[in-house]
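Colleague: Numbering (this note's numbering), first residue to last: 1 to 592.
Could you have a look at this structure, given as structure tokens, before my questions?
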């Protein structure tokens, strides 16, 4: 049986030795294929490739963030420590020996392409590896060679040389690392067999039917689905991983209902996908990190259909654009369908917990059956949002000022669902009032008002609490309203009204917008999040001083840096959903 583990530290150390050794070797002139997958042996369980990173290293080098580091108190403290002094001495030694700074070294190394491929080794946890480097600036590489060559005499007794396919010299270090180069290429392998296969592919002299990674069916499928040109791309052969785990990544029936509801569909689809692919792309104001697997949700049958957005029907959509939106999430599921099929999806040992749950819920909602009366009345979207609140229910403000929060249910049967959720809201509000004394507040009474022909229920204090540093519990004042086919339950009346405004406004769609099947959305707005952090700046600084032992100046600098970083992010968005050829999870960051 094959076993897999993380890339071992031994290989990382040998890779460093390889790079240093190869930099000091002569280089015969020959052409090289720009696609590293074509010169990487087939059968890799993992492959990662970085292309053209030098431009981004240069941007980072000249960025305001890097320019601010020398004056940062944390950075100064590190360089004043023994570890920092050793690190700085090591940096200077390397730069003096190579005749260039580490920034230039990094840009030279990553100017072209760098790849790492891992191969399962029968009966051993540690995989075998092939590392390839192609640079664009051969002249800069020659300068490094000249500087490194004298160091090779220190290990010359450990180096032996043979000739590999394509008449390329192959040197080995203690027969543990095999290294070769051709033109501006540097190749390192952990076994002679992998080195010979690699050089055979490079020379284009395969006569024994040797195949490259680019010929492996799972890799071909990934490239077709994700494309070949990315700043970073990685590949995992899930077929090989599954073989090493006995045929599946885990049991068919999960023993955690939450995991099943959130990830059960993706988990099963991954068990049937030949690959797991990832890409990273950057432009001047945007980062996109994408994960993808093959397979359509429809291939899993009706059992898993509740866990995906259906084709040609509304999906998760977008968050309601309330004023000052900080962020939120939308979970799109057929909740009733999943609950109905729980015996097919979940391990039998967790099923009795559902009976206990229904019994407890019956105390809050008497006369209602959860599976047949309650869940079918709800729609497929459950939305959570956070936004600023105005504290109109107070004559003052809490010491820790939290935003307003809200849950929004889509309603498949609005009248029935409204009755259930109103009862639930009133019950929870009543129970909460029973603990008012323990929470250090006076009880509230439930009231209501009509707002734009929508009836809003809300809690109300008989006398508004006064003070500038009230306890945290005063952040919350429950409010609820049904708006058309939505039911809003919020922690502040003003946020509830803002949501009423949004849901009363007719939605418009762009005719040219590409249809999506997103079943999950998470979104964060940097400016709004920074504003709420700025409001609580004093508490953040005090915490840093009292709990982390920072000085007042250090705490202020730390919080200022945090706020600058958060404000620099325009939006952070995570989505997941089915696409034409598979399933995608994508993280997108847009900055100013």
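Glycine residues also receive a C-beta, built at the ideal position from the N, C-alpha and C atoms.
By a C-beta neighbour count over all protein chains shown, 10 Å radius and 16 as the cutoff for buried, is residue 486 buried or exposed?
Modeller: Taking the chain shown and counting its residues from 1, the one referred to as residue 486 is at position 486. Answer is buried; the Cβ neighbour count reaches 16.
Colleague: What's the gap between the Cα of residue 56 and the Cα of residue 217?
Modeller: Along the chain shown, read from residue 1 onward, the residue named residue 56 stands at position 56. Along the chain shown, read from residue 1 onward, the residue named residue 217 stands at position 217. For residue 56 and residue 217, the distance between alpha carbons rounds to 32 Å.
Colleague: Quick check on the burial criterion: 16 or more other C-beta atoms within 10 angstroms. Buried or exposed for residue 28?
Modeller: For the purposes of this step, residue 28 is identified with residue 28 of the chain shown, where counting begins at 1. Residue placement at residue 28 is flagged as unreliable, the pLDDT there being 39, under the threshold of 50; a coordinate-derived value is accordingly withheld.
Colleague: Among all the DSSP beta bridges, which residues are the ones paired with residue 404?
Modeller: Residue mapping note: residue 404 aligns to position 404 of the chain shown, counting from 1. Note: residue 404 sits in a beta bridge opposite 387.
Colleague: For a quick check, are the C-beta atoms of residue 109 and residue 130 less than 8 Å apart?
Modeller: Taking the first residue of the chain shown as position 1, residue 109 is located at position 109. Taking the first residue of the chain shown as position 1, residue 130 is located at position 130. Cβ atoms of residue 109 and residue 130: not closer than 8 Å.
Colleague: In chain order, what residues of the same chain lie with their CB nearer than 7 Å to the CB of residue 210, ignoring the 5 residues before and after it?
Modeller: Residue 210 sits at position 210 when you count from the first residue of the chain shown. Only 197, 200, 201 meet the Cβ criterion.
Colleague: Count the other C-beta atoms from every protein chain shown that fall within 10 angstroms of the C-beta of residue 22, then say buried if there are 16 or more, exposed otherwise.
Modeller: Taking the chain shown and counting its residues from 1, one reaches residue 22 at position 22. Because the pLDDT of residue 22 is 46, which lies under 50, any placement of that residue in the model is unreliable, and the number read from its coordinates should be weighed accordingly. When all chains shown are included, residue 22 counts as buried.
Colleague: Taking the alpha carbon of residue 534 as the point to measure from, which residue in 559, 551, 433, 451 has its own alpha carbon closest?
Modeller: In the chain shown, residue 534 corresponds to position 534, counting from 1. Minimum Cα distance to residue 534 is reached at 559.
Colleague: If you check the beta carbons only, do residue 605 and residue 49 fall under 8 Å apart?
Modeller: Past the edges of the chain, shown from 1 to 592, lies residue 605, and the structure says nothing about it.
Colleague: Evaluate the contact criterion for the region 390-402 versus the region 479-497: three or more CB pairs, one atom per stretch, below 8 Å.
Modeller: Short answer: they touch.
Colleague: What ranges does the alpha helix (DSSP H) occupy inside the region 453-531, keeping only unbroken runs of at least 4 residues that lie completely in it?
Modeller: Correct list: 493-504.
Colleague: Compute the Euclidean distance between the alpha carbons of residue 336 and residue 355, then round it to the nearest angstrom.
Modeller: If you number the chain shown from 1, residue 336 lands on position 336. If you number the chain shown from 1, residue 355 lands on position 355. Straight-line Cα distance between these residues: approximately 16 Å.
Colleague: Threshold first: 4 residues or longer. Then list the alpha helix (DSSP H) segments lying entirely within the region 115-150, N to C.
Modeller: Complete alpha helix (DSSP H) runs here, min 4: none at all.
Colleague: Per DSSP, which residues does residue 289 bridge with? Please list them.
Modeller: Here the question's residue 289 lines up with position 289 in the chain shown. Paired residue(s): 280, 587.
Colleague: Nearest to residue 524 by alpha carbon, out of 517, 532, 279?
Modeller: The count along the chain shown starts at 1 and reaches residue 524 at position 524. The option with the nearest alpha carbon to residue 524 is 532.
Colleague: Expressed to the nearest angstrom, what Euclidean distance is found between the alpha-carbon atoms of residue 105 and residue 314?
Modeller: Counting from 1 along the chain shown, the entry for residue 105 is found at position 105. Counting from 1 along the chain shown, the entry for residue 314 is found at position 314. Residue 105 and residue 314: Cα-Cα distance of roughly 51 Å.
Colleague: In terms of residues, what are the limits of the alpha helix (DSSP H) holding residue 260?
Modeller: Numbered from its first residue, the chain shown carries residue 260 at position 260. First-last of the alpha helix (DSSP H) with residue 260: 257-272.
Colleague: Within 10 angstroms of the Cβ of residue 250, are there 16 or more other Cβ atoms? Answer buried if so, exposed if not.
Modeller: For the purposes of this step, residue 250 is identified with residue 250 of the chain shown, where counting begins at 1. Exposed is the call here.
Colleague: Take residue 174 and list the residues in its own chain whose beta-carbon comes closer than 8 Å to its own, dropping the five residues that flank it on each side.
Modeller: In the chain shown, the residue the question calls residue 174 occupies position 174. Contacts found: 158.
Colleague: Is the region 317-336 close to the region 384-396, with three or more CB pairs under 8 Å?
Modeller: Yes, the region 317-336 touches the region 384-396.
Colleague: Take residue 425 and list the residues in its own chain whose beta-carbon comes closer than 8 Å to its own, dropping the five residues that flank it on each side.
Modeller: For this step, residue 425 is matched to residue 425 along the chain shown. Within the same chain, residue 425 has close Cβ partners 457, 478, 480, 489.
Colleague: What's the C-alpha gap between residue 76 and residue 54?
Modeller: For this step, residue 76 is matched to residue 76 along the chain shown. For this step, residue 54 is matched to residue 54 along the chain shown. Approximately 27 Å, taken between the alpha carbons.
Colleague: Mind checking residue 255: buried by the 16 CB within 10 Å criterion, or exposed?
Modeller: In the chain shown, counting from the first residue as 1, residue 255 sits at position 255. Per the 10 Å Cβ criterion, exposed.
Colleague: Which residues bound the beta strand (DSSP E) around residue 552?
Modeller: Numbered from its first residue, the chain shown carries residue 552 at position 552. Where residue 552 is concerned, there is no enclosing beta strand (DSSP E), although the alpha helix (DSSP H) it sits in stretches over 552-568.
Colleague: Can you give the Cα-Cα distance for residue 577 and residue 591, rounded to whole angstroms?
Modeller: Residue numbering aside, residue 577 sits at position 577 when the chain shown is read from its first letter. Residue numbering aside, residue 591 sits at position 591 when the chain shown is read from its first letter. Straight-line Cα distance between these residues: approximately 24 Å.
Colleague: Find the nearest neighbour of residue 99 within the set 529, 132, 141, judged by alpha-carbon distance.
Modeller: For this step, residue 99 is matched to residue 99 along the chain shown. Ranking the options by Cα distance to residue 99, first place goes to 141.
Colleague: Indicate whether residue 396 and residue 443 have their beta-carbon atoms separated by less than 8 Å.
Modeller: Here residue 396 is taken as the residue at index 396 of the chain shown, counted from 1. Here residue 443 is taken as the residue at index 443 of the chain shown, counted from 1. Contact: no.
Colleague: Please name the residue, chosen from 112, 73, 46, that lies closest to residue 561 on a Cα-to-Cα basis.
Modeller: In the chain shown, residue 561 corresponds to position 561, counting from 1. Closest option to residue 561, Cα to Cα, is 73.
Colleague: How many angstroms separate the CA atom of residue 296 from the CA atom of residue 519?
Modeller: One-based indexing of the chain shown puts residue 296 at position 296. One-based indexing of the chain shown puts residue 519 at position 519. About 14 Å.
Colleague: According to DSSP, is residue 574 helix, strand or coil?
Modeller: Along the chain shown, read from residue 1 onward, the residue named residue 574 stands at position 574. If DSSP states are grouped into helix, strand and coil, residue 574 belongs with the strands.
Colleague: Going by DSSP in three states, residue 396 sits in which element: helix, strand or coil?
Modeller: For the purposes of this step, residue 396 is identified with residue 396 of the chain shown, where counting begins at 1. Strand at residue 396.
Colleague: Identify, in the order they occur along the chain, each residue of the same chain with its Cβ nearer than 6 Å to the Cβ of residue 650, setting aside the five sequence neighbours on each side.
Modeller: Not covered by the structure: residue 650. The range shown for the chain is 1 to 592.
Colleague: List the endpoints of the continuous beta strand (DSSP E) containing residue 46.
Modeller: As a working note, residue 46 is residue 46 in the chain shown. Counting along the chain, the beta strand (DSSP E) containing residue 46 begins and ends at 46-51.
Colleague: For the alpha helix (DSSP H) holding residue 173, just list the boundary residues, first then last.
Modeller: Within the chain shown, residue 173 is the residue found at index 173, counting from 1. First-last for residue 173: 168-173, but that is the beta strand (DSSP E), not the alpha helix (DSSP H).
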